[in-house]
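So the structure is just underneath, and the comments pick up after that.
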Amino acid sequence: MQTTNMSEFRKDLKKYLNFVTDDHETVIINRGEKKAAVIISLDEYNSFMETNYLLSSKKNAERLESALNKANNGETFTKDLIKE
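Quick note: the sequence shown, position 61, residue 61 per our numbering, numbers continuous.
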């Protein structure tokens, strides 16, 4: 995680954006007086949004948790594909 202030961020914009996009780092820009902004890559943002969507329904969250528990306990199976 990288932390900077507005002046440094403006001065080295390309460097900080490269941290975010190339190194998958999070950049926090302190703006003073308990104000800050966070910059993350689009891939990371999309991942957060997908996770939020999948967990937004209680029923779906329970299904996902159950599936994870089964996989972690070795309760898996294989199935052949149907060829037409």
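Cβ atoms here follow ideal geometry from the backbone N, Cα and C, with glycine treated the same way.
- Nearest in C-alpha terms to N30, of all of T3, E50, L13, is T3.
- A Cβ-Cβ contact shorter than 8 Å links A61 with L55.
- Around the beta carbon of F19, 16 or more other beta carbons sit within 10 angstroms, so the residue counts as buried.
- For F9, the number of other beta carbons within 10 angstroms of its own is at least 16, and it is reported as buried.
- Distance check between M1 and each of H24, F77, E50 places H24 closest, using alpha-carbon atoms only.
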